[in-house]
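Novice: Take this structure first; my questions come after.
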């Protein structure tokens, strides 16, 4: 009997009967591929004369700029969605 109870308890620990739910809205934005051709061409033209650190910094900077652009877009979308929710909730009260 003890083995049956511990097996059932183990199953409930991994698969709770009612999983917790969180009412959280997530906005996800997937951007276009980042183009590195100009950076790689510069590296190819100069051959091995370009320090790897400089190439790394150029690529990291490009990624950082694109992430910042995506963040601004997501923030704008979130503000617009919040304004729509407020508008719809105020309309349903009236």
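Residue numbers (full-length UniProt numbering): 1 to 94.
From the three backbone atoms N, C-alpha and C, an ideal C-beta is built for every residue, glycine too.
If you're wondering where the values come from, they're calculated on a predicted model, not measured in any experiment.
Alpha carbon to alpha carbon, what distance is there between residue 50 and residue 56?
Specialist: For the purposes of this step, residue 56 is identified with residue 56 of the chain shown, where counting begins at 1. For the purposes of this step, residue 50 is identified with residue 50 of the chain shown, where counting begins at 1. Residue 56 and residue 50: Cα-Cα distance of roughly 10 Å.
Novice: Can you tell which of 79, 54, 59, 78 has its C-alpha closest to the C-alpha of residue 34?
Specialist: Here residue 34 corresponds to residue number 34 of the chain shown, with the count starting at 1. Selected option, being the one with the closest Cα: 59.
Novice: Could you check the C-alpha separation between residue 89 and residue 81 for me, to the nearest Å?
Specialist: One-based indexing of the chain shown puts residue 89 at position 89. One-based indexing of the chain shown puts residue 81 at position 81. Each residue's Cα considered, the two are about 12 Å apart.
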